[in-house]
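Number of protein chains: 2
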Amino acid sequence: MATDRQKGKGTADDLARRKFLSAAAAAGLGGTGLAVGLASCDRPDKTATTAAPAASGSGPGETAPAPGAATRVGGTHGGHEVPPGQLDPYYGFWSGGHSGEFRVLAVPSMREIKRIPVFQPDPLSGWGQTNESKKILGTRPDGSLKFSNGDSHHPVASYANGTYDGKYAWTNDKLNTRIARIRLDTFECDKITELPNVQGLHGACPDKRDPVDANINHTTRLFVGAEFGIPLPNDGKDMENPAKYGSLVTCIDAETMEVRWQCQMDGNMDLLATSYDGKLAAWNQYNSENGLKFADMMVAERDNVVFINVARIEQAVKDRKFKTIGDSKVPVVDGTKNGNKDPKTAVVCYVPIPKNPHGVNATPDGKYFIASGKLSPTCSVIDLSLMLKWFDGEVKEPRDTVVAEPELGLGPLHTTFDGKGNAFTTLFLDSQVVKWDVEAAIKAFKGDKNAKVVLDRIDCNYQPGHLNASMAETREADGKWLVVGSKFSKDRFLPVGPLHSENEQLFDIGGEKMKLIGDHPAHPEPHDFIIVRRDKVKTRQVYNLDDFPNPIKDFKDSRLERKGNKVTVFLAAGAPQFSLPDFKVKRGDEVTIVLTNIDKVEDLTHGIGIQNYSVNMIVNPGETKSVTFKADKPGVYWCYCTHFCHALHLEMRSRMLVEA
Amino acid sequence: MATDRQKGKGTADDLARRKFLSAAAAAGLGGTGLAVGLASCDRPDKTATTAAPAASGSGPGETAPAPGAATRVGGTHGGHEVPPGQLDPYYGFWSGGHSGEFRVLAVPSMREIKRIPVFQPDPLSGWGQTNESKKILGTRPDGSLKFSNGDSHHPVASYANGTYDGKYAWTNDKLNTRIARIRLDTFECDKITELPNVQGLHGACPDKRDPVDANINHTTRLFVGAEFGIPLPNDGKDMENPAKYGSLVTCIDAETMEVRWQCQMDGNMDLLATSYDGKLAAWNQYNSENGLKFADMMVAERDNVVFINVARIEQAVKDRKFKTIGDSKVPVVDGTKNGNKDPKTAVVCYVPIPKNPHGVNATPDGKYFIASGKLSPTCSVIDLSLMLKWFDGEVKEPRDTVVAEPELGLGPLHTTFDGKGNAFTTLFLDSQVVKWDVEAAIKAFKGDKNAKVVLDRIDCNYQPGHLNASMAETREADGKWLVVGSKFSKDRFLPVGPLHSENEQLFDIGGEKMKLIGDHPAHPEPHDFIIVRRDKVKTRQVYNLDDFPNPIKDFKDSRLERKGNKVTVFLAAGAPQFSLPDFKVKRGDEVTIVLTNIDKVEDLTHGIGIQNYSVNMIVNPGETKSVTFKADKPGVYWCYCTHFCHALHLEMRSRMLVEA
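Residue numbers (my numbering), protein chains in the order written: chain E, 1 to 660; chain W, 1 to 660.
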């Protein structure tokens, strides 16, 4: 099956042989044969064809490369050339998978310009070791981190007026059920919230407009799904009783990051999109069966896209129509089918679509949600105006909101948009991207046999998952660049032992046909990414000393304060010296170092590392941070600047003297 | 000073105004003024000139890009184009600084193709969490990691016949005084050794030939310096007595990674090089004063390059002429000046050179060591044949081994080679690379006023530190590519908040003039790198099940074994299923998961993440790993595959049931 590939010549018509995968076929996917087949089909030259040079689409107006700039295509080492002295027109925000981090790339050069520590300790910055970061990450009673890793899948960002406002990004932790927020001025994580009574946090999406007050046209809430059903409450009793299992969706306040409410569903809640009018959010559901074992998750011929009516849920909370679960005080509204039989009062709607779908995306015109079929070769297009009518009792069946279901190829996973009416869907099994016309698909669904649905298809590297186009998750989708993340990098880069990098590919989608521009490796394992026009993001490059509660503004303010066996050392760093050449503590003291970087120059970061004490943190220009540890070893321990700062950086040191 | 720049027009002659920095000038460097000046001199277009396209030097014979491949120069986003479907001709091994990791780049495309966890826990692979990795990293009595971070500066690799043999790489941990070894078949760290009685491990270098048995022409030892002097022993007593302070160099067995011996020196021991004949290793010394405070480290007008005579030290150990320090049983030979007054028996030689030098490099012809001046605008060239004669009593003064000391510019830090007699030195303060002729410098030193020493100089980005050319640290230096690491990335990439990436630049050095090819960002903070021809490295891409002591070779071998409250779960992963759909333990049990990846397909890695238990690790094809934790929370906890493996990856799960 995997070797029976469409070599870029497929059309909607010749897909007829690709029938909907039956239960039997799905069961066939259960063995290891398919993966073996997929992975072992050597095809080193698959994307080796150099695309013909062409003037590619330049960036939007104010950020376009200079006219006349050379355009290079066909490279394998990264992306499209951004001429020397010019900056990329887009930021890319990338999840880091179980690396736990959040990444920033420059698009289309595909340079990785920042790794932001989020769920994982970061020895460079001291994230997870400084007192400030431990407060954000959460600790156990003994002061150690509650969680030391994470699995970040989906980066999203805050909206105003239907487009990015550059305020916040968020990402999920599928491993330890958390949501993190990243400030888009400082590119640092500032809040992490753990969600109660859920497991398998997969999709997360901010609202784009207030569902209650339409005048508030910016993000105020964040919605999160839960992919794994668990006993409610999960108390270790009655663990084999399927009736006790459930899955909740969660709403978080975008500013306070506190949980506002949850809603209990039938079946699992995977990936989601929110509507531009703020009223709806919808998840794909691949395990509507609530199956607890592998085979049980693929029994039903249809699963669902599940819509929530946000205003109605919040009204239910106001009306105190909710329960709470276990120790959690979060109101949980009933979103089950049984509790929502009347559309006019329902808080949810379950729309049946072909089995085990994956990924829901909102078209930039605000009209449709598109769910990708995964085990079905189709995408399902749902008309949001019909969905709103269903909630008003004006549409009979949930399924009547489906206005198109084009067959695209094997393993559709995710869909993105160019803002010109076209959708681009990854085919995981075919290792292709398909470009298709949404309105034509709607016409075809109505019976128009002349509707030209599939416009182009192009081979990409093995096992493509997420894809995203520039600004595609906003009303300003601009159809310039498309990035596709492929899980296998085999044959693309020099061998590096058993653990491979992943592979991502950049495509120019400015023209009629998609063009492959280049490959770049990705440290495992980015799942998803959004591509944001650079004018949307305004960073701060230097802190003010007063941004922090306890800055040491001058070398002369340096001091050591002792209270019993607790010692605080107030230290400043100014290139190339620390403000104290040494400081003395006693063995057994609890020592806190408060360090201010008094340099005001952009890029002039200092660090402090304490020899053999496993202490390290950086302070950026103007920043103050602190770290606490026990002085449990006697002797002299050099403290040195760990972040290159000056010609005399090596000489920038202090000594901690620990008296025996 | 910083803005008074040579704009690529400098010659040896017009450097006359750049006098040796006096003590007063060095003191002037002590303030923050210089760094401010350096960093605030906005020069956004500094390297913005697009170099004229030219046919660059291709790689060596068997690894050269295909004839006729397009050559692109002037890009800012990475490196030189490697045509689609072709692989880079070189591996680059990069230190990761206080990120703690080791990196692999492909050169000249400058793609980062792997991050190898070394000194820091890695949530993706489970490094620092699996039992196997904890054994390598070292633990405290309570089972937690002894050290949770590191500061890796210098990557080096093993030799045979004067060139790389592709067996091992090593890197140092300056923070917690360790040396790590990375296997170059699996690209994984396999051993870490902590060194006794030293702090500030900076340089590390393997020997290139046996110093005793000349028939052994491959690496058997590794030498390491110590940048910070400490009391010997460092017991918390008498901490202010300078006479008690000392610094040791350490010799480690390359195979066992055990410490063979140490040698106590006067002054600190910074960076080093070893000779191709195996007989000598030499360190630069920037604090021969043993100063404990900033200003005290710059008092002397001259510091040293310090040579050790390896065979004589090892004979002293054999003759039991050593002491031990504190609890350590490692023999420590006397390498102080007082103990080594007679050259014919001396184990060390202190060669005075201008103050506070940085970096020692060996010329590929095996003849010279070159130390870069840092606070002096010079490099010092030392003739190894004269050094050997000094040890034989045939050369009067150590200084007589210096055969050249050319003035190159402000802040020479490191030097590399093209194998054609030319040296390339970074100027940290001038932000330039200088290409100079070593033999011409020797002639000039002898008085030849017509000797043309400086052949070319080129601007690079702010604050260049290390540089290295392809194969430059071997006899096979090929003069194709040069990489320069610059500490500041200001103006080169999109702004990302207060913490910047670093910037690295690729130069084509195949022609008479150096050519800038491109910039790429580097996550802080790589210090150094080596560039190795790809035919030197032979990787293994899949493990054999029997490479591990306890593989679960078949799903039917899965089981749970209980001994008291210790439970071991033997589990296999084969796409897209775990071998057990669930397993049951009791609250309070100590649970060990032993997981084997039975898939044999390259790139088909699986992971296991246990919800809310902060457990995650991967297993590569054929690999078996284990993780142990306490089941301290009752309830159902989904275990899921965290590394994308299959179309039904999301469905690949098991359940851990923890009975209350």
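All C-beta atoms, glycine included, are put in the ideal place defined by N, C-alpha and C. Given the structure is predicted, the values throughout are model-derived calculations rather than measurements.
Answer with buried or exposed for residue i, where buried requires no fewer than 16 other C-beta atoms within 10 angstroms of its C-beta.
i	result
residue 104/W	buried
residue 326/W	exposed
residue 195/W	buried
residue 77/E	Residue confidence is low: residue 77/E scores 41 on pLDDT, short of 50, so the model does not pin down where it sits. Its coordinate-derived value is still stated next. Buried: at least 16 other Cβ atoms inside 10 Å.
residue 705/E	Lying outside 1 to 660, the shown extent of chain E, residue 705/E is not represented and no answer is given.
residue 563/E	exposed
residue 215/W	exposed
residue 163/E	buried
residue 242/W	exposed
residue 52/E	For residue 52/E, the predicted structure reports a pLDDT of 27, less than 50, and the residue's modelled location is therefore unreliable. A value from the coordinates is still provided. Per the 10 Å Cβ criterion, exposed.
residue 256/W	exposed
residue 212/W	exposed
residue 279/W	buried
residue 299/W	exposed
residue 115/E	buried
residue 660/E	exposed
Tell me which residue opens and which closes the alpha helix (DSSP H) that residue i is part of.
i	result
residue 314/W	310-318
residue 638/E	Premise fails: residue 638/E lies in the beta strand (DSSP E), 635-640, not in any alpha helix (DSSP H).
Could you please give the first and the last residue of the uninterrupted beta strand (DSSP E) stretch that includes residue i?
i	result
residue 602/E	Note, residue 602/E: premise wrong, no beta strand (DSSP E); not H, not E.
residue 387/W	Premise fails: residue 387/W lies in the alpha helix (DSSP H), 384-391, not in any beta strand (DSSP E).
residue 586/E	582-586
residue 135/W	Element bounds for residue 135/W: not the beta strand (DSSP E) but the alpha helix (DSSP H), 131-137.
residue 624/E	624-630
residue 92/W	90-95
residue 505/E	502-508
residue 297/W	Taken as a continuous stretch (DSSP letters only), residue 297/W belongs to no beta strand (DSSP E), as it is neither H nor E.
residue 359/E	358-362
residue 112/W	111-116
residue 334/E	332-334
residue 654/E	653-659
residue 613/E	No beta strand (DSSP E) holds residue 613/E; DSSP gives it neither H nor E.
When DSSP builds the beta bridges, which residues end up paired with residue i?
i	result
residue 525/W	In DSSP, residue 525/W forms no bridge with anything.
residue 352/E	304/E
residue 218/W	160/W
residue 647/E	Paired residue(s): none; residue 647/E is not in a bridge.
Along the region 521-548 of chain E, what residues have a CB closer than 7 Å to any CB found in chain W?
521, 523, 524, 525, 534, 539, 540, 541, 542, 543
With 9 Å as the limit, tell me which residues of the region 591-624 of chain W have their beta carbon closer than that to any beta carbon of chain E; keep them in chain order.
598, 599, 600, 601, 602, 603, 604, 605, 607, 609, 610, 611, 612, 613, 614, 615, 616, 618, 620, 621, 622, 623
Could you list the residues in the region 84-101 of chain W with a C-beta less than 8 Å from some C-beta on chain E, going in chain order?
84, 85, 86, 87, 88, 91, 97, 98, 99, 100
Along the chain, which unbroken stretches of the alpha helix (DSSP H) at least 4 residues long are found entirely within the region 227-293 of chain W?
none
Residue ranges of each alpha helix (DSSP H) run of no fewer than 4 residues wholly in the region 436-481 of chain E, ordered along the chain?
438-445
Going along the chain, which unbroken runs of the alpha helix (DSSP H) with 4 or more residues stay wholly within the region 527-574 of chain E?
none
Which of the residues in the region 299-329 of chain E, read from start to end, lie with their CB under 8 Å from any CB of chain W?
none
Listed from N- to C-terminal order along the chain, which residues in the region 230-244 of chain E have their beta-carbon within a distance smaller than 7 Å of any beta-carbon of chain W?
For the region 230-244 of chain E, which is checked against every Cβ of chain W, the residues closer than 7 Å are 230, 231, 234, 235, 236, 237, 239.
Select from the region 462-489 of chain E all residues with a C-beta closer than 9 Å to any C-beta belonging to chain W, and list them in chain order.
462, 463, 465, 487, 488, 489
For the region 150-161 of chain W, enumerate the residues whose C-beta is nearer than 7 Å to any C-beta of chain E, in chain order.
150, 151
Check each residue of the region 364-376 of chain E: if its Cβ is closer than 9 Å to any Cβ of chain W, include it; give the result in chain order.
374, 375
Beta carbons nearer than 7 Å to chain E: which residues of the region 189-208 of chain W have them?
199, 200
For the region 402-421 of chain E, enumerate the residues whose C-beta is nearer than 8 Å to any C-beta of chain W, in chain order.
411
Could you list the residues in the region 487-512 of chain W with a C-beta less than 9 Å from some C-beta on chain E, going in chain order?
487, 488, 489, 490, 491, 492, 493, 494, 495, 496, 497, 498, 499, 500, 501, 502
Under 7 Å (Cβ pairs) to chain W, residues found in the region 643-654 of chain E:
643, 644, 645, 646, 647, 648, 650, 651
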